[in-house]
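Encoded as structure tokens, the structure appears first; notes follow it.
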Amino acid sequence: MSDRKAIRGTFLDFIDDPFFRPATESARFLADGLLVVEAGRIVNFGDYDEVRSQHPTLEITHYPHHLITPGFIDLHTHYPQTEMIAAYGEQLMEWLDKYTFPTEAKFQDADYARRIAVFFLEELLRNGTTTAVVLPTIFPQSVEVFFEEAQRRNLRMIAGQVLMSRNAPDFMINPAGKAYEEMRSQIQKWHGQDRLLYAITPRFAITSTPEELAMAGALKAEFPEVYVHTHLSENLKEVEFTAQLFPESRDYLNVYEQFGLVGDRSIFAHCVQLDESAFGRLSKAGAAIAYCPTSNLFLGSGLFKLHQAKSVTQPIKVGLATDVGAGTSFSMLKTMGEAYKVAQLQGQSLSSLQAFYLATLGAAKALSLDDRLGNFAIGKEADFVVLDPTATPLMKLRNPKPATTLEEVMEQAFTLMIVGDDRMVKATYVGGAIAHSLL
Ligand code: GUN
Ligand code: ZN
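Residue numbering for the sequence shown follows our numbering, starting at 777 and increasing by one per position.
Rendered as structure tokens:
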């Protein structure tokens, strides 16, 4: 039996990059649109009258005065850090030692890990996030339960066991040889299974020996279709320590380059402290940056140079990310709002279209998944979010009328990213089915 259904409302998505193209050529706005989904995919999309005439008997769910966008993609986050969000007072290295490693140690226990994985995934959905690139821990059971729970929810998720073999407490060390076998069998079991994808995940250069990074590079060469996911150049002390540990590398990025870990399926979180040369090499390699504004502010890491990363001459693929629990919110709306403020502090502006792009099609491109995710193109996977621009009394006052033009929707989207949060997420659809609803 067909599970075909239709959703009517106001739609906003992207067909090109609003950093490089004018709004009218990059954004697609339908004041009254109809989205038809079947078997998890988009089968029709366009103006209501036109699409309706092709499906005259189809049952329709209508969201008047709402804004429907593609599901948000969180390009970097840590599920085991959910419970330690808002750990007080430190910068990166102290924060890791004092709060993070002891918390992650609890994920040896599979039942505990499952409980937090379930909470985390539900929290993503409550915030309209349908895909995330996720770090579990060094413990294989923490990887296993995460993939199981993501699979149960039909989610497109990317994750992989965290590699750590030095510069961490004993209870957070996993020998590289053992990790290699564990990751190999995880790739075979999970990569491409339903909507799940695997990422080779050295935590960062500091916690890996050269031998371990060489092993990670060899595994990537063996399975070129999997991702590489790690942290890069977040904090000045981290950069300094990395330089001491890898004296032969010309800079931090070069550590990863030397071990074959920089390519078009590599995702580097932060990149706050990178210089021009590293930006250029990331651009050339087709690698992606996960920009984590709430985390960068919370840990005092610095201001990411988004406009340099999106330069015309050396453009880099960038997506937004929460980086929970150094990040302070699961909400991609709030994350967009903080990205706006970080731009302002550098004398730049980030438009609502640019921000929504970084959380949808831009992130899908960063993952080389834009053939499947990121906008409402026919054939893509039907993950989307229904936002309510009148969800609170203040938002109702600010957005008294539904948007009828691109200009109006840009303003409404801006209010969502500056004032919005999970309360504005009316419903989240995964593979065409409701996965979260405030109804
Ligand atoms: N660098 C290495 N590990 C971490 C982590 O857990 N969080 C952040 N923000 N940076 C890191
Ligand atoms: Zn992180």
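All C-beta atoms, glycine included, are put in the ideal place defined by N, C-alpha and C.
Subject >> Check whether L989 and F1035 have beta carbons under 9 Å apart >> reply: One-based indexing of the sequence shown puts residue 989 at position 213. One-based indexing of the sequence shown puts residue 1035 at position 259. Yes.
**OP:** Taking H967 as the reference, give the member of A981, D946, G1078 and Y1003 with the closest Cα.
**Re:** For this step, residue 967 is matched to residue 191 along the sequence shown. Out of A981, D946, G1078 and Y1003, Y1003 has the C-alpha closest to the C-alpha of H967.
Original post:
Which whole runs of the beta strand (DSSP E) in the stretch 1106-1180 are 3 residues long or more, in chain order?
Top reply: 1160-1163
**OP:** Have a look at K1093 and H1007 and give me their C-alpha separation to the nearest angstrom.
**Re:** As a working note, residue 1093 is residue 317 in the sequence shown. As a working note, residue 1007 is residue 231 in the sequence shown. Rounded to whole angstroms, K1093 to H1007 spans 16 Å at the Cα level.
Original post:
Over what stretch of residues does the beta strand (DSSP E) that includes A1102 continue unbroken?
Top reply: Translated into positions along the sequence shown, residue 1102 becomes position 326. Unbroken run through A1102: none, as it is neither H nor E.
Original post:
Shortest alpha-carbon distance to H838 belongs to which of D793, D825, E814 and L810?
Top reply: Numbered from 1 along the sequence shown, position 62 holds the residue referred to as residue 838. Selected option, being the one with the closest Cα: L810.
Original post:
In terms of residue numbering, what span does the beta strand (DSSP E) encompassing K1202 cover?
Top reply: Residue mapping note: residue 1202 aligns to position 426 of the sequence shown, counting from 1. According to the DSSP assignment, K1202 belongs to the beta strand (DSSP E) that extends over V1201 to V1206.
**OP:** Flag this pair as yes or no: are the beta carbons of E1001 and R1041 separated by less than 9 Å?
**Re:** Here residue 1001 refers to the residue found at position 225 when the sequence shown is read from its first residue. Here residue 1041 refers to the residue found at position 265 when the sequence shown is read from its first residue. Yes; because the gap between Cβ atoms is below 9 Å, this pair is in contact.
**OP:** Using alpha carbons as the reference points, say which of L1121, K1177 and G1208 lies closest to T786.
**Re:** As a working note, residue 786 is residue 10 in the sequence shown. Checking every option, the nearest Cα to that of T786 belongs to K1177.
Original post:
Who are the near neighbours of H1083 in its chain, counting only those whose CB is closer than 8 Å to its CB and skipping five residues on each side?
Top reply: Residue numbering aside, residue 1083 sits at position 307 when the sequence shown is read from its first letter. Excluding residues within five positions, the ones whose Cβ falls inside 8 Å are A1119, Q1122 and Q1124.
Original post:
Going by DSSP, which residues form a beta bridge with L900?
Top reply: For the purposes of this step, residue 900 is identified with residue 124 of the sequence shown, where counting begins at 1. DSSP, once it has assigned bridges, lists no residue as partnering L900.
Subject >> Three-state secondary structure assigned by DSSP to I1194 >> reply: Within the sequence shown, the letter at position 418 stands for residue 1194. Note: I1194 maps to helix in three-state DSSP.
Subject >> N- and C-terminal bounds of the beta strand (DSSP E) containing K781 >> reply: Translated into the one-based positions of the sequence shown, residue 781 becomes position 5. K781 -> beta strand (DSSP E) spans K781 to F790.
**OP:** Could you name the residues of the same chain whose beta carbon sits closer than 7 Å to that of T977, not counting the 5 residues immediately before and after it, in chain order?
**Re:** Taking the sequence shown and counting its residues from 1, the one referred to as residue 977 is at position 201. Cβ within range, chain order: L911, G936, Q937, V938, L939, H1005 and T1006.
Original post:
Considering L995, what are the terminal residues of the beta strand (DSSP E) in which it resides?
Top reply: Reading the sequence shown from its first residue, position 219 is the one you call residue 995. Segment P986 to E998 is the alpha helix (DSSP H) holding L995; no beta strand (DSSP E) there.
Original post:
Cα separation between G847 and A994?
Top reply: Counted from its first residue, the sequence shown places residue 847 at position 71. Counted from its first residue, the sequence shown places residue 994 at position 218. G847 and A994: Cα-Cα distance of roughly 34 Å.
**OP:** Determine the direct distance from the alpha carbon of Y855 to that of D885, and round the result to whole angstroms.
**Re:** Mapped onto the sequence shown, residue 885 falls at position 109. Mapped onto the sequence shown, residue 855 falls at position 79. Looking at the two C-alpha atoms, the distance is approximately 14 Å.
**OP:** Starting from the Cα of R960, find the closest Cα among A803, S1105 and E998 and give me that residue.
**Re:** The count along the sequence shown starts at 1 and reaches residue 960 at position 184. Out of A803, S1105 and E998, E998 has the C-alpha closest to the C-alpha of R960.
Original post:
Where does P846 sit, in a helix, a strand or coil, going by DSSP?
Top reply: Position 70 of the sequence shown, counted from the first residue, corresponds to residue 846. If DSSP states are grouped into helix, strand and coil, P846 belongs with the strands.
Subject >> Check: E1222 C-beta below 8 Å from any heavy atom of the ligand GUN >> reply: What is shown of the chain runs 777 to 1215, which leaves residue 1222 out entirely.
**OP:** Rounded to whole angstroms, what's the CA-CA distance from V894 to E1157? Just pull it up for me.
**Re:** Sequence index remark: in the sequence shown, residue 894 carries index 118 (1-based). Sequence index remark: in the sequence shown, residue 1157 carries index 381 (1-based). Straight-line Cα distance between these residues: approximately 22 Å.
Subject >> Touch test, the stretch 826-834 against the stretch 1171-1185, Cβ-Cβ under 8 Å, three pairs minimum >> reply: no
**OP:** Using three-state DSSP, classify L811 as helix, strand or coil.
**Re:** Within the sequence shown, the letter at position 35 stands for residue 811. In this structure, L811 counts as strand in the three-state DSSP scheme.
**OP:** Compute the minimum distance between the beta carbon of L989 and the heavy atoms of the ligand ZN, and state whether it is under 8 Å.
**Re:** One-based indexing of the sequence shown puts residue 989 at position 213. False, no ligand heavy atom lies under 8 Å from that Cβ.
Original post:
Measuring CB to CB, does E801 end up less than 9 Å from D792?
Top reply: The residue you call residue 801 lines up with position 25 of the sequence shown. The residue you call residue 792 lines up with position 16 of the sequence shown. Result yes, Cβ atoms of E801 and D792 sit closer than 9 Å.
Subject >> Local conformation of R890 per DSSP, three classes >> reply: By one-based count along the sequence shown, residue 890 stands at place 114. Here R890 sits in helix by DSSP.
Original post:
At what residues does the alpha helix (DSSP H) containing A1019 begin and finish?
Top reply: Walking along the sequence shown from the start, residue 1019 turns up at place 243. L1012 to L1021 is the span of the alpha helix (DSSP H), which, as asked, contains A1019.
Original post:
Over what stretch of residues does the alpha helix (DSSP H) that includes A926 continue unbroken?
Top reply: Here residue 926 refers to the residue found at position 150 of the sequence shown. Looking at the DSSP string, the run of the alpha helix (DSSP H) that includes A926 is P916 to R928.
Original post:
Would the beta-carbon of L900 be found less than 8 Å away from any heavy atom of the ligand ZN?
Top reply: Translated into positions along the sequence shown, residue 900 becomes position 124. Answer for L900: no, Cβ out of range of the ligand ZN.
Subject >> Collapsed DSSP secondary structure at A1063 in the structure displayed >> reply: Along the sequence shown, one-based indexing puts residue 1063 at 287. In this structure, A1063 counts as coil in the three-state DSSP scheme.
Original post:
Which residues in the same chain as I783 place their Cβ atom closer than 6 Å to its Cβ, once the five residues preceding and following it in sequence are excluded?
Top reply: In the sequence shown, the residue the question calls residue 783 occupies position 7. Within the same chain, I783 has close Cβ partners L811 and T837.
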